[in-house]
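J.: Input: one structure, supplied below.
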Amino acid sequence: MIRRPPRSTHCISSAASDVYKRQSQWFYFATTNTVKDNVVVFNVLNCTKFVGLFRDGMRPVVFSELEFIDRKIGWVADTFNVTYVKNNVIKSSSVNEKGEVQPYYTLRFSYKFKHTGDRVYFAYCRPYTIKMHLALLERIKGQLLAGASYI
Numbered sequence: 010m011i012r013r014p015p016r017s018t019h020c021i022s023s024a025a026s027d028v029y030k031r032q033s034q035w036f037y038f039a040t041t042n043t044v045k046d047n048v049v050v051f052n053v054l055n056c057t058k059f060v061g062l063f064r065d066g067m068r069p070v071v072f073s074e075l076e077f078i079d080r081k082i083g084w085v086a087d088t089f090n091v092t093y094v095k096n097n098v099i100k101s102s103s104v105n106e107k108g109e110v111q112p113y114y115t116l117r118f119s120y121k122f123k124h125t126g127d128r129v130y131f132a133y134c135r136p137y138t139i140k141m142h143l144a145l146l147e148r149i150k151g152q153l154l155a156g157a158s159y160i
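10 is the number of the first residue of the sequence shown in our numbering; add one for each residue after it.
Written as structure tokens, this is what we have:
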């Protein structure tokens with residue numbers, strides 16, 4: 010008998026594991042058609058790091074389009090009940106230095122939607138774009154040209 014998870018539970022296979030064979034820790038996804046005050050539990054599967062920052066208090070970040078429009082609030086660590094645990098799936102293609110087969114891990118977290126009809130993005134950490142990086146480099150260049158001895 011197959012048991013379906015409750016309606017408020019979503020399972021997500023880490024997109025990185027399908028795209029980049031060496032990196033399967035990050036994630037970025039969005040939800041739509043949200044319902045205010047609905048609490049949803051997300052499971053991000055196929056994580057490979059046995060030591061995760063989520064075990065030390067890091068939380069996935071969230072960006073709500075309506076929160077940004079209404080209150081100018083960007084990416085925030087607004088998730089709760091964050092756990093990072095080994096699951097029952099074995100990564101057959103990876104063996105550690107002791108010759109043991111490496112398992113996969115699951116990141117589980119909850120989020121309470123603040124608006125109905127919102128689009129909400131979730132990410133491993135606050136996205137850092139090439140535009141942000143180029144702006145940083147321009148700032149550093151300007152400081153160096155202005156004679157700054159250190160930055």
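Virtual Cβ for every residue (Gly too), placed ideally from N, Cα, C.
Bear in mind that the values here come from a model prediction, so they are computed numbers and not experimental data.
1. Which stretch, first to last residue, makes up the beta strand (DSSP E) that contains LEU54?
2. Looking at the structure shown, is ILE149 part of a helix, part of a strand, or coil, going by DSSP?
3. Can the beta-carbon of LYS140 be found closer than 8 Å to that of ASP46?
4. Does the segment 56 to 70 come close enough to the segment 87 to 97 to have 3 or more Cβ pairs within less than 8 Å?
5. With DSSP run on the structure shown, which of helix, strand or coil describes PRO144?
6. Quick check: what's the CA-CA separation for MET67 versus HIS124?
7. PHE131 by DSSP, collapsed to three states: which one?
8. In this structure, does DSSP put ARG117 in helix, strand or coil?
9. Should CYS56 and TYR130 be called a contact, given that it needs their Cβ atoms to be closer than 8 Å?
10. Which word fits ASP79, buried or exposed, when buried means at least 16 other C-beta atoms lie within 10 angstroms of its C-beta?
11. By alpha-carbon positions, which one of ALA39, TRP35, THR43, PHE38 ends up nearest to GLY126?
12. Across which residues does DSSP place ALA180 in a beta bridge pair?
13. Please state whether the Cβ-Cβ distance between LEU54 and THR115 is less than 8 Å.
14. Rounding to the nearest angstrom, what Cα-Cα distance links PHE72 and ASP87 in this structure?
15. Going by alpha carbons, who is nearest to VAL70 out of CYS134, TRP35, LEU154?
T.: In brief:
1. That run of the beta strand (DSSP E) goes 48 to 56.
2. In the displayed model, ILE149 falls within a helix according to three-state DSSP.
3. Cβ distance not < 8 Å, so LYS140 and ASP46 don't count as in contact.
4. The segment 56 to 70 makes contact with the segment 87 to 97; the number of CB pairs closer than 8 Å reaches 3 or more.
5. It should be noted that the sequence gives Ala, not Pro, for residue 144. Assigned with DSSP and collapsed to three states, ALA144 falls in helix.
6. Each residue's alpha carbon lies about 24 Å from the other.
7. When secondary structure is reduced to three states using DSSP, PHE131 falls in the strand class.
8. Taken through DSSP and simplified to helix, strand or coil, ARG117 comes out as strand.
9. Going by beta carbons, CYS56 and TYR130 fall outside the 8 Å limit.
10. For ASP79, the number of other beta carbons within 10 angstroms of its own is below 16, and it is reported as exposed.
11. When only C-alpha atoms are compared, the closest one is THR43.
12. Summary: the structure shown does not reach residue 180, with the chain confined to residues 10 through 160, and so no result is reported for it.
13. Taking the C-beta atoms as reference points, THR115 is found nearer than 8 Å to LEU54.
14. Distance between the alpha carbons of PHE72 and ASP87: 9 Å.
15. Of the listed residues, the one whose Cα sits closest to VAL70 is CYS134.
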